[in-house]
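Colleague: Numbering (the numbering used here), first residue to last: 1 to 199.
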Amino acid sequence: MNNILNEKLESILSLEISEERKAVLQPLIEYIKSKREKEQAIRLNFICTHNSRRSQFSQIWAQTAADYFQLAAQCYSGGVEVTACNERTIASLERMGFIVSKHGHSNPIYFVLHTEDSRPINVFSKLYDDVINPHTGFATVMTCSHADENCPFIPGAEVRIPVRYEDPKAFDDTDQEAAMYDERSRQIASEMFYVFSRV
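1. Grab me the residues of Cys48's own chain with a C-beta within less than 7 Å of its C-beta, minus the 5 sequence neighbours each way, in chain order.
2. Please state whether the Cβ-Cβ distance between Phe57 and Cys75 is less than 9 Å.
3. Taking only beta-carbon atoms, is Pro155 less than 9 Å away from chain E?
4. Give me the Cα-Cα distance between Phe171 and Ala179, rounded to the nearest whole angstrom.
5. Of all the options Asn133, His50, Gln176 and Asp167, which has the alpha carbon lying nearest to the alpha carbon of Pro155?
6. Pull up the CB-CB distance for Leu113 and Phe98, whole angstroms please, since I reckon it's below 8 Å.
7. I'd like the list of long-range same chain contacts for Lys33, defined as Cβ closer than 7 Å, with 5 residues on each side in sequence excluded.
8. Looking at the structure shown, is Ser101 part of a helix, part of a strand, or coil, going by DSSP?
9. Note the first and the last residue of the continuous beta strand (DSSP E) segment covering Glu158.
10. Determine the DSSP secondary structure at Arg82, reduced to helix, strand or coil.
11. Could you please give the first and the last residue of the uninterrupted alpha helix (DSSP H) stretch that includes Ala139?
12. Does Leu5 pass the burial test, meaning 16 or more other C-beta atoms within 10 Å, or should it be called exposed?
13. Taking the continuous beta strand (DSSP E) assigned at Ile109, which residues delimit it?
14. Does the distance from the CB of Phe138 to the CB of Leu44 come in under 9 Å?
15. With DSSP run on the structure shown, which of helix, strand or coil describes Ile154?
16. Could you give the C-beta distance for Asp67 and Ser118, rounded to a whole number, given that I count them as a contact under 8 Å?
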């Protein structure tokens with residue numbers, strides 16, 4: 001991790017996770033453990049409606065946590081509609097210390113790195129079954145209630161695990177915008193690090 005991200009991680013790892021949230025996360029922990037014990041690939045596809053906020057935070061923090069604990073997991077994200085990764089999401093990731101480069105315009109691809117020499121995490125809005133996402137042998141992790149309720153079947157998924165988060169979109173264009181995006185980012189980070197620490 002780079003220095004800024006390391007500093008942020010210290011405070012993130014000190015966040016308390018409630019017993020209720022630990023229970024929500026337990027099926028994800030069990031899935032990863034099971035795949036690891038069987039020496040099978042660990043693939044996680046995080047899904048929310050627009051693939052622009054919560055699923056992107058989840059993919060990036062889960063991949064970062066997996067790399068931190070040196071677990072060979074591959075983390076993806078997708079949606080049920082294509083929009084663009086929200087610029088507020090990217091701004092929050094930059095405040096956390098990630099190195100981000102932007103490529104393209106209407107639905108840009110962002111390369112997100114946690115160290116200068118790490119493998120880039122490719123971030124852009126796409127459908128859950130986009131060609132770059134896994135089509136068999138993966139866990140679907142539903143990060144929003146709308147997608148969870150309106151997308152009842154994900155082809156190829158071995159399991160479907162709801163890990164829902166509140167949408168920071170509610171604070172767009174308010175004076176709380178940056179703080180609430182960072183709060184959601186930190187929550188997701190703390191939970192993904194908890195998940196991978198338990199494996």
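By construction, the Cβ of each residue, glycine as well, lies at the ideal position given by its N, Cα and C atoms.
Modeller: According to the structure data:
1. Arg54, Ser55, Gly79, Thr143, Cys144 and Ala147
2. no
3. Here chain E cannot be found, since the structure has a single protein chain.
4. 9 Å
5. Asn133
6. 7 Å
7. Val199
8. strand
9. Ala157 to Pro162
10. In the sequence as displayed, the identity of residue 82 is Val instead of Arg. Coil.
11. That residue, Ala139, is in no alpha helix (DSSP H); its beta strand (DSSP E) goes Phe138 to Met142.
12. buried
13. Ile109 to Leu113
14. yes
15. coil
16. 7 Å
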